[in-house]
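K.L.:
Under the UniProt record's numbering, the first residue of the sequence shown is numbered 1, with each subsequent residue one higher.
The beta carbon of each residue, even a glycine, is placed where N, CA and C say it ideally should be.
Take a look at this one; I'll ask things after.
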Amino acid sequence: MKNINVTRMVEEEDDDDETSSFPVSPTGQYFTSSVMSISVICVLESEIPIDDSCTVTMLKDVFIPINPRFSSIMVKDKNGVKQWKKVEVKHKDHINVPIFPQGKSKEFYDNCFNEYMTKIAMEQFPQSRPLWEIHIFKYPTTKSAGNLVFKLHHSLGDGFSLMGALLSCLQRADNPSLPLTFPSFTSNNNNNNHNLESDYKKSFCTNVVQSVNGVVNTLLDFGWSLMKSTNLEDERTTIRSGDEGVEFRPIDITTMEISLDHLKEIKSNLKVTINDVICGILFLGVRLYMEETKYDQKNTNSTALVLLNTRNIAGYKSVKEMLQPKNESKWGNQFAFLHVSLPKIDKEESSTNPLSFVFKAQDVIQRKRNSAAVILTGKLLDTLQKYRGPEVTAKYIHSTLKNSSMTISNMIGPVEKMALANHPVKSLYFMVVGVPESLTITMMSYMGKLRVAVGTEKGLIDPQKFKCSIENAFDRIFKAAVPSASSKSSN
């Protein structure tokens, strides 16, 4: 992969529970501008039928007190600057319980749930009440006994903040008194015996080379960022319609699961990171889908925007900690867009050497670590905000998204099974909606599984074919990286 850049958005906002109004952060203003309105949908799949009798109590006593934004609406002051204004929350206005025919098959309710998700993904929040709502789907599907859906506007916070808020409402199913724990994906250093003098010399030379490379990479990445966010647009393909207003079109949301143990086996055998493996699988899967649906477009120049959490932290913090002014994991929108050019595919490479996609992903991620484009682009956004205002900055971000082919984001979930109001959570996933792209991929780990959710533009992308392409890519990479698994399956 040759092209990479990072676009950063960081907000700092001091919330005060005692004041009736407080400023909307710059990023919050971008996400509620005339050109963008982006939301996050999180789905909790219940193991048991949902009893919604305690919903209002949970909202009133647990969810709403988490952050003052959950009980505030967005208004403009006399100078036209957006503010959060505290209001009285009418809880029942935020609760939706759809009604469908009783006694149907699970497959019937699968279809009902999918269409309902399409519906709520397209709907805009009323500006007269706080920007969140919950939907209780009480019918059994092939995946769960019921679904609890949270829809929250992105101006309330980024995925890290919102997930931290949801996790604060949940408890460990086995022992609520114990804290949730999260998987560690740090690489192990198997080489513990080093020659210190040799290491020092290598480190000095390496630092000099990395400094030079860092300057070059930064300039290239920042220049690429400017072009991709202004006038350099991906071509129209079977994964990108490129039409104006694509964010207002219906989407399909499909999901799949991948074993984290299998991903770790690939990681260990190839000596790469989990992120390298995941990106390699997704990149190969996208190319396989493009090859199947329109062969002559299989190697069209396409760009993925990978969303990164820019906090310098190792895991989720409590909501109380996030609201502390000097905390590194401060509540808000703190993330970066990383532009990644999808690697090209050829028949021989995808079938006989699918691992090349993992190594190409590794190359681009390592290069990203040696570039300061994220800082320069962050400064650019700050400058646009200061001198041109939030609307112009929002248009720049909208163009960044629209000119690319897809967005990829991921979050880490707990190792243990969770429960919400004594309802064990079988699985969970999230989706970002309202994005001016035809393809969005999100990932969430939970109880040893990686849940991949794919949002696709209806009528352009075949969701089942795309799902099969990603699963095919995983199978090829897993069998190539773990030959013993391939031999076991053949026996």
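#1: Once you ignore the five residues that flank K85 on each side, which residues in its own chain have a CB closer than 7 Å to its CB?
#2: Do the segment 224-236 and the segment 410-421 meet, that is, are 3 or more Cβ pairs less than 8 Å apart?
#3: Mapping the DSSP letters down to three states, classify C468 as helix, strand or coil.
#4: Round the Cβ separation of L307 and S168 to the nearest angstrom and send it over; I've been treating them as touching at under 8 Å.
#5: Give me the Cα-Cα distance between residue 494 and K344, rounded to the nearest whole angstrom.
#6: For a test of the three-state rule: what should DSSP assign to C42, helix, strand or coil?
#7: Is DSSP giving E133 helix, strand or coil here?
#8: Given a cut-off of 9 Å, decide if T293 and S405 are closer than it, judged by their beta-carbon atoms.
#9: What are the partner residues of F357, as DSSP defines its beta bridges?
#10: Just the C-alpha distance for residue 495 and E235, rounded to the nearest angstrom, thanks.
#11: With the cut-off set at 9 Å, would you say I239 and L381 are in Cβ contact?
#12: Between the segment 64-71 and the segment 102-122, do three or more beta carbon pairs fall short of 8 Å?
#13: Any idea what DSSP makes of A145, helix, strand or coil?
#14: If we ignore side chains and look at the alpha-carbon of each, how far apart do G285 and I470 end up?
#15: Does the distance from the C-beta atom of L288 to that of A481 stay below 9 Å?
#16: Pick out whichever of I441, L162, T407 has its Cα sitting closest to the Cα of I66.
#17: Contact between the segment 391-405 and the segment 28-38: three or more CB pairs below 8 Å?
#18: For M443 and I278, which I take to be in contact (beta-carbon distance under 8 Å), what is that distance rounded to the nearest angstrom?
#19: So for Y139, helix, strand or coil by DSSP?
#20: From G28, K82, E133, D61, pick the residue whose C-alpha is nearest to that of I41; which is it?
#21: Mind pulling the beta strand (DSSP E) runs of 3 or more residues that sit fully within the segment 23-69?
#22: Quick check: what's the CA-CA separation for E115 versus V272?
#23: Taking Cβ positions, are S341 and A304 nearer each other than 9 Å?
#24: Give the range of the alpha helix (DSSP H) segment to which I73 is assigned.
#25: On the CB-based measure, 16 or more other CB atoms within 10 Å of its CB, does S225 come out buried or exposed?
#26: Residues in its own chain within less than 6 Å of M411 by CB, not counting five upstream and five downstream?
#27: Since E391 is in the alpha helix (DSSP H), which residue starts that stretch and which ends it?
#28: Using 8 Å as the cut-off, can you tell me whether the segment 123-131 makes contact with the segment 253-265, which would need three or more C-beta pairs spanning the two stretches below that distance?
#29: Can you tell which of K402, F283, T254 has the C-alpha that lies nearest to the C-alpha of V364?
#30: Please determine, among D346, K264, I274, N269, the residue with the shortest C-alpha to C-alpha distance to T300.
#31: For D475 and I251, I'd like the C-alpha separation in whole angstroms.
#32: Rounding to the nearest angstrom, what Cα-Cα distance links D243 and V454 in this structure?
P.N.:
A quick look at the data gives this:
#1: Within the sequence shown, residue 85 is the residue found at index 85, counting from 1. Cβ within range, chain order: S20, S21, S72, I73, V75.
#2: Judged by Cβ distances under 8 Å, the segment 224-236 makes no contact with the segment 410-421, as fewer than three pairs qualify.
#3: As a working mapping, residue 468 is identified with position 468 in the sequence shown. C468 falls in the helix class under three-state DSSP.
#4: Numbered from 1 along the sequence shown, position 307 holds the residue referred to as residue 307. Numbered from 1 along the sequence shown, position 168 holds the residue referred to as residue 168. 22 Å between Cβ atoms; not a contact.
#5: Nothing in the structure corresponds to residue 494, since the chain is present only between 1 and 491.
#6: As a first step, residue 42 must be located in the sequence shown, where it is residue number 42. Here C42 sits in strand by DSSP.
#7: Translated into the one-based positions of the sequence shown, residue 133 becomes position 133. Strand, per DSSP.
#8: For the purposes of this step, residue 405 is identified with residue 405 of the sequence shown, where counting begins at 1. For the purposes of this step, residue 293 is identified with residue 293 of the sequence shown, where counting begins at 1. Not in contact: S405 and T293 (Cβ atoms no closer than 9 Å).
#9: Here residue 357 refers to the residue found at position 357 when the sequence shown is read from its first residue. Partner(s): none; F357 has no beta bridge.
#10: For residue 495 there is no data in the structure shown, the boundaries of the chain being 1 and 491.
#11: One-based indexing of the sequence shown puts residue 239 at position 239. One-based indexing of the sequence shown puts residue 381 at position 381. No, these two residues do not count as a Cβ contact at 9 Å.
#12: Contact between the segment 64-71 and the segment 102-122 is absent, because fewer than three Cβ pairs lie under 8 Å.
#13: Position 145 of the sequence shown, counting from 1, holds the residue named residue 145. Coil, per DSSP.
#14: Locating residue 285 in the sequence shown gives position 285, where the first residue counts as 1. Locating residue 470 in the sequence shown gives position 470, where the first residue counts as 1. So the alpha carbons of these two residues sit roughly 4 Å apart.
#15: One-based indexing of the sequence shown puts residue 288 at position 288. One-based indexing of the sequence shown puts residue 481 at position 481. Contact annotation: L288 and A481 have beta-carbon atoms that are not nearer than 9 Å.
#16: By one-based count along the sequence shown, residue 66 stands at place 66. When only C-alpha atoms are compared, the closest one is L162.
#17: In the pairwise beta carbon analysis, the segment 391-405 is classified as touching the segment 28-38: at least three pairs are separated by under 8 Å.
#18: Indexing the sequence shown from 1 puts residue 443 at position 443. Indexing the sequence shown from 1 puts residue 278 at position 278. Under the criterion of beta carbons closer than 8 Å, M443 and I278 qualify as touching, at roughly 7 Å.
#19: Here the question's residue 139 lines up with position 139 in the sequence shown. Y139 falls in the coil class under three-state DSSP.
#20: Within the sequence shown, residue 41 is the residue found at index 41, counting from 1. Ranking G28, K82, E133, D61 by Cα distance to I41 puts E133 first.
#21: Whole beta strand (DSSP E) segments, 3+ residues: 39-46.
#22: As a first step, residue 115 is located in the sequence shown; it is residue number 115 there, counting from the start. As a first step, residue 272 is located in the sequence shown; it is residue number 272 there, counting from the start. Taking the straight line from one Cα to the other gives about 39 Å.
#23: Translated into the one-based positions of the sequence shown, residue 341 becomes position 341. Translated into the one-based positions of the sequence shown, residue 304 becomes position 304. Here S341 is near A304, since their CB atoms are less than 9 Å apart.
#24: Against the sequence shown, residue 73 aligns to sequence position 73. It is not in any alpha helix (DSSP H) - I73 instead sits in the beta strand (DSSP E) that spans 72-76.
#25: Taking the sequence shown and counting its residues from 1, the one referred to as residue 225 is at position 225. The residue in question, S225, is buried, as its Cβ has 16 or more Cβ neighbours within 10 Å.
#26: Along the sequence shown, one-based indexing puts residue 411 at 411. Around M411: G159, M163, M444.
#27: Working through the sequence shown from its first residue, we reach residue 391 at position 391. 390-402 is the span of the alpha helix (DSSP H), which, as asked, contains E391.
#28: Contact between the segment 123-131 and the segment 253-265 is absent, because fewer than three Cβ pairs lie under 8 Å.
#29: For the purposes of this step, residue 364 is taken as residue 364 along the sequence shown, with counting starting at 1. Selected option, being the one with the closest Cα: F283.
#30: As a working mapping, residue 300 is identified with position 300 in the sequence shown. Of the listed residues, the one whose Cα sits closest to T300 is D346.
#31: Here residue 475 refers to the residue found at position 475 of the sequence shown. Here residue 251 refers to the residue found at position 251 of the sequence shown. Taken atom to atom, the span from the alpha-carbon of D475 to that of I251 is near 27 Å.
#32: Translated into the one-based positions of the sequence shown, residue 243 becomes position 243. Translated into the one-based positions of the sequence shown, residue 454 becomes position 454. Straight-line Cα distance between these residues: approximately 20 Å.
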